[in-house]
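**Q**
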Amino acid sequence: MGKPRQAHIDPSWYLRPRGTPVRRAAGGVVVRRRGRGWQVALAREGQFRDHVLPKGGVDPGESLVAAARREIEEEAGIADLQLLGSLGTLARLNFAKTRWGVTRYFLFVTRSDLGRPTDRRKHPHPAQWHPLSRPPHMFWPEQRRLLITQRRQILALLRAYAQKRSQFS
Numbered sequence: 540m541g542k543p544r545q546a547h548i549d550p551s552w553y554l555r556p557r558g559t560p561v562r563r564a565a566g567g568v569v570v571r572r573r574g575r576g577w578q579v580a581l582a583r584e585g586q587f588r589d590h591v592l593p594k595g596g597v598d599p600g601e602s603l604v605a606a607a608r609r610e611i612e613e614e615a616g617i618a619d620l621q622l623l624g625s626l627g628t629l630a631r632l633n634f635a636k637t638r639w640g641v642t643r644y645f646l647f648v649t650r651s652d653l654g655r656p657t658d659r660r661k662h663p664h665p666a667q668w669h670p671l672s673r674p675p676h677m678f679w680p681e682q683r684r685l686l687i688t689q690r691r692q693i694l695a696l697l698r699a700y701a702q703k704r705s706q707f708s
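Residue 680 in the working numbering sits at position 141 of the sequence shown, and the numbers go up by one each step.
#1: I'd like to know whether the C-beta atoms of residue 675 and residue 590 end up nearer to each other than 7 angstroms.
#2: Can you tell me whether residue 648 is helix, strand or coil according to DSSP?
#3: Measuring only the C-alpha atoms, how far is residue 561 from residue 696?
#4: Please identify the residue among 577, 566, 551 whose C-alpha is closest to the C-alpha of residue 694.
#5: Would the beta-carbon of residue 654 fall within 7 angstroms of that of residue 665?
#6: Taking one C-beta from the segment 610–625 and one from the segment 638–652 each time, how about it: are there three or more such pairs within less than 8 angstroms?
#7: Taking 8 angstroms as the cut-off, does the segment 626–633 touch the segment 678–686 (at least 3 CB pairs, one atom from each stretch)?
#8: When the cut-off is 7 angstroms and only beta carbons count, does residue 602 lie next to chain D?
#9: What separation, rounded to the nearest whole angstrom, lies between the Cα atoms of residue 568 and residue 704?
#10: Please go through the segment 560–639 and give each complete beta strand (DSSP E) segment of 3 or more residues, from N-terminal end onward.
#11: Going by beta carbon distance, what residues of the same chain come within less than 6 angstroms of residue 559, once the five residues before and after it are set aside?
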């Protein structure tokens with residue numbers, strides 16, 4: 540298989556060339572509680588060593604949330620997901636620079652420890668957990684930026700979820 544590669548994503552991926560077709564996509568930020576902190580599940584694409592948030596195209600007739608759930612299971616292998624809310628939309632070119640992807644990201648919480656991707660051909664590596672407070676270098680810079688810029692909203696949604704759960708325990 541060889542040594543994992545690292546991609547160089549520059550600002551050109553964030554400029555839409557005239558006439559580039561749009562692809563709707565959905566993805567997720569999946570978190571779990573560990574000790575006093577939160578961890579985020581990240582996937583890897585094929586031979587690349589950098590991490591990604593699981594995401595992908597929306598199938599015909601599929602809702603954005605259903606697509607996000609499917610992509611998380613395919614790329615990170617996590618199916619036990621509780622939806623907490625939307626984190627916004629990001630846009631960029633796909634890796635081949637042939638389509639303009641518009642991706643809605645959702646926040647999910649899980650109790651899962653291990654994730655075995657169901658799409659092992661494109662995602663042969665299990666999900667890896669990283670501290671939400673210190674996301675690693677990522678393949679797509681806008682995904683890391685999302686984790687950093689939306690951290691307050693993520694933590695607020697997680698606090699509300701934990702408070703709601705404790706009321707019914």
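All C-beta atoms in this analysis are idealised placements derived from N, C-alpha and C, irrespective of residue type, glycine included.
**A** So, from the data block:
#1: Position 136 of the sequence shown, counted from the first residue, corresponds to residue 675. Position 51 of the sequence shown, counted from the first residue, corresponds to residue 590. Yes. Within cutoff.
#2: On the sequence shown, position 109 is the one that residue 648 refers to. Residue 648: strand per DSSP, three-state reduction.
#3: The sequence position of residue 561 within the sequence shown is 22, counting from 1. The sequence position of residue 696 within the sequence shown is 157, counting from 1. So the two alpha carbons sit approximately 30 angstroms from each other.
#4: Indexing the sequence shown from 1 puts residue 694 at position 155. Checking every option, the nearest Cα to that of residue 694 belongs to 577.
#5: Residue numbering aside, residue 654 sits at position 115 when the sequence shown is read from its first letter. Residue numbering aside, residue 665 sits at position 126 when the sequence shown is read from its first letter. Cβ atoms of residue 654 and residue 665: closer than 7 angstroms.
#6: yes
#7: Judged by Cβ distances under 8 angstroms, the segment 678–686 makes contact with the segment 626–633, as three or more pairs qualify.
#8: Considering every chain present, this structure includes no chain D. It has just one protein chain.
#9: Residue 568 sits at position 29 when you count from the first residue of the sequence shown. Residue 704 sits at position 165 when you count from the first residue of the sequence shown. Rounded to whole angstroms, residue 568 to residue 704 spans 20 angstroms at the Cα level.
#10: Runs of the beta strand (DSSP E) inside the segment 560–639: 561–573, 576–583, 594–596, 621–632.
#11: For the purposes of this step, residue 559 is identified with residue 20 of the sequence shown, where counting begins at 1. Excluding positions up to five away in sequence, the list reads 639.
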